[in-house]
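Note sheet for the following structure.
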Amino acid sequence: MKIELNRNKVLFNNGESIQEIHPFWLRERVDGEDYLDKGTQQRLFDPSSMNGEVSIEKASINEGFLEIKFNDGVNLKLSIDKIYSELSNKDTVVQSIKKIKWDSSLTNTKSFNFNKNFFESKEMYNLLISFYEYGFVIVKNVPTENNFIVKFANSIGSVRRTNFGEHFNVRSKSDPNDLAYTSLHISPHTDNPYRNPVPCIQLLHCIENEVSGGFSTLVDGYTVTENLKNEDPDAYKILSEVKVRFKFIDKSVVLEDWSELIHLNDDKEFKQVRFSPRLDYVPILEKNKLDLYYKARKKLSDLYNSEKNRIKFRLEPKDLIMMDNYRILHGRTKFNPEEGKRFLQGCYIDFDSTEGKLRHLKRKFDI
Ligand SMILES: [Fe+2]
Numbered sequence: 007m008k009i010e011l012n013r014n015k016v017l018f019n020n021g022e023s024i025q026e027i028h029p030f031w032l033r034e035r036v037d038g039e040d041y042l043d044k045g046t047q048q049r050l051f052d053p054s055s056m057n058g059e060v061s062i063e064k065a066s067i068n069e070g071f072l073e074i075k076f077n078d079g080v081n082l083k084l085s086i087d088k089i090y091s092e093l094s095n096k097d098t099v100v101q102s103i104k105k106i107k108w109d110s111s112l113t114n115t116k117s118f119n120f121n122k123n124f125f126e127s128k129e130m131y132n133l134l135i136s137f138y139e140y141g142f143v144i145v146k147n148v149p150t151e152n153n154f155i156v157k158f159a160n161s162i163g164s165v166r167r168t169n170f171g172e173h174f175n176v177r178s179k180s181d182p183n184d185l186a187y188t189s190l191h192i193s194p195h196t197d198n199p200y201r202n203p204v205p206c207i208q209l210l211h212c213i214e215n216e217v218s219g220g221f222s223t224l225v226d227g228y229t230v231t232e233n234l235k236n237e238d239p240d241a242y243k244i245l246s247e248v249k250v251r252f253k254f255i256d257k258s259v260v261l262e263d264w265s266e267l268i269h270l271n272d273d274k275e276f277k278q279v280r281f282s283p284r285l286d287y288v289p290i291l292e293k294n295k296l297d298l299y300y301k302a303r304k305k306l307s308d309l310y311n312s313e314k315n316r317i318k319f320r321l322e323p324k325d326l327i328m329m330d331n332y333r334i335l336h337g338r339t340k341f342n343p344e345e346g347k348r349f350l351q352g353c354y355i356d357f358d359s360t361e362g363k364l365r366h367l368k369r370k371f372d373i
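One rule links them: number in the numbering used here = place in the sequence shown (from 1) + 6.
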């Protein structure tokens, strides 16, 4: 990549072709104190109201900076590195973190220790990198008093409140309205697939655990779907094409959303899984297609429920799991409530919280 000048044109040479950079693209990036607020990095002018036919009167490159004088009398001094990073047109912070596939062979899961200045520390930066690599992290020693989980969430970003409230309590009840509030086994699932948008990240905090069962289970939806793609492309294809309806009903709200069980992005790459087999309804399709769909869903379910794909561990009081609800399926083994208390608290945050925090810490520590 190279920025070159030819008369008063600024050219971008990527080694294969040479393209002119539009003068107005450069004019929009004028960052003198009359044009850009230093604190917020927001423009003090409105380029959308300007005529885009600006031209360059003079251009030079000096010590890593492109210097331009435009025909409207405005000057620009822009770092060449900044232009390069914009031309690559990629999120260089979050998108560059490579997901790591894992299954039951994942041992020694990384854990982080809560401490006083945790949220502004390098430890927090490392935690977020690990979160994007594995889809989950465990933090130990997180205070449990006064719904600290809400404070924890709000110190990364903002709690995503739902109709269940700011946070929810998971303990066995005598008259449960969800299997979570029983002592029964809960198979791997993602939370709230019926919401639009689905909550991105779930925090689950163990407050008390006196029972010998009730192990937490996690499955990497990314690993499972990537493996399915290689091993059974037809199943992968239909599960990533057919949109199904997810629905939740109670006395005050009816929530409904449609999505594929494997949702791909515009580049046909993994974006999100939803799996909650008590809540999904496939539309009526041709019988042959439904045959294929049901076989594929069974296969996916078998993979999600296979011991080969899951990790299982005991949550101790003060342990907090943070998991990507678009990637990780979670569940629980059964326990005997006669043995004692088991009390967890949960809440959600969205990706802008973790992404915003990660970019902030990267800037702060100049990483
Ligand atoms: Fe859940």
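Where a beta carbon is used, it is the ideal one built from N, C-alpha and C, also for glycine. Being a predicted model, the structure only gives us computed values, none of them experimental.
Measure the alpha-carbon distance for residue i versus residue j and round it to whole angstroms.
{"i": "G352", "j": "E92", "result": "38 Å"}
{"i": "I155", "j": "L185", "result": "22 Å"}
{"i": "Y287", "j": "K122", "result": "46 Å"}
{"i": "S117", "j": "V143", "result": "7 Å"}
{"i": "V217", "j": "N147", "result": "19 Å"}
{"i": "R177", "j": "L350", "result": "7 Å"}
{"i": "Y187", "j": "P343", "result": "11 Å"}
{"i": "N57", "j": "K277", "result": "39 Å"}
{"i": "E214", "j": "L321", "result": "9 Å"}
{"i": "D52", "j": "D43", "result": "13 Å"}
{"i": "S102", "j": "K368", "result": "13 Å"}
{"i": "K249", "j": "K295", "result": "13 Å"}
{"i": "T231", "j": "I355", "result": "24 Å"}
{"i": "G141", "j": "N12", "result": "48 Å"}
{"i": "C212", "j": "S258", "result": "29 Å"}
{"i": "I86", "j": "K274", "result": "33 Å"}
{"i": "K88", "j": "D263", "result": "40 Å"}
{"i": "E10", "j": "V36", "result": "19 Å"}
{"i": "G38", "j": "L82", "result": "7 Å"}
Just grab the DSSP bridge partners of residue i for me.
{"i": "T168", "result": "G171"}
{"i": "I244", "result": "DSSP, once it has assigned bridges, lists no residue as partnering I244."}
{"i": "Q351", "result": "N175 and H211"}
{"i": "Q377", "result": "The question about residue 377 has no answer, for the chain in this structure spans 7 to 373."}
{"i": "N132", "result": "Note: N132 sits in no beta bridge, so no partner."}
{"i": "D226", "result": "I334"}
{"i": "E73", "result": "S66 and K83"}
{"i": "Y287", "result": "R251"}
{"i": "F118", "result": "V145"}
{"i": "K304", "result": "Bridge partners of K304: none, in fact."}
{"i": "K8", "result": "N19"}
Applying the criterion that 16 or more other CB atoms from any shown protein chain within 10 Å of the CB defines a buried residue, is residue i buried or exposed?
{"i": "R338", "result": "buried"}
{"i": "Y228", "result": "buried"}
{"i": "F158", "result": "buried"}
{"i": "P205", "result": "buried"}
{"i": "R280", "result": "buried"}
{"i": "S23", "result": "exposed"}
{"i": "H366", "result": "exposed"}
{"i": "P289", "result": "exposed"}
{"i": "T223", "result": "buried"}
{"i": "Y90", "result": "exposed"}
{"i": "M7", "result": "exposed"}
{"i": "F76", "result": "buried"}
{"i": "I317", "result": "buried"}
{"i": "N15", "result": "The question names Asn, yet the displayed sequence has Lys at residue 15. The residue is exposed, with fewer than 16 neighbouring Cβ atoms inside 10 Å."}
{"i": "F371", "result": "exposed"}
{"i": "L50", "result": "exposed"}
{"i": "K363", "result": "buried"}
{"i": "I62", "result": "buried"}
{"i": "S265", "result": "buried"}
{"i": "I373", "result": "exposed"}
{"i": "D297", "result": "exposed"}
{"i": "S387", "result": "Past the boundaries of the shown model lies residue 387; the chain is included only from 7 to 373, so the question cannot be answered."}
Give a yes or no on whether the minimum CB-CB distance between residue i and chain C is below 8 Å.
{"i": "E266", "result": "Judged by its chain identifiers, the structure shown contains no chain C, having just a single protein chain."}
Query raised in the report: On the three-pair Cβ rule with 8 Å, is the stretch 102-112 touching the stretch 297-305?
Result: With a cut-off of 8 Å, the stretch 297-305 and the stretch 102-112 do not count as touching, because too few Cβ pairs lie within range.
Query raised in the report: Just checking, does the stretch 21-32 make contact with the stretch 54-68 on the three C-beta pairs under 8 Å criterion?
Result: yes
Report task. Mind the definition here: the stretch 304-313 touches the stretch 238-246 only if three or more C-beta pairs lie below 8 Å; say whether that holds. Result -> yes
Requested in this report: Specify whether the stretch 318-336 and the stretch 186-202 touch according to this definition: at least 3 beta carbon pairs, one from each stretch, less than 8 Å apart.
Outcome: yes
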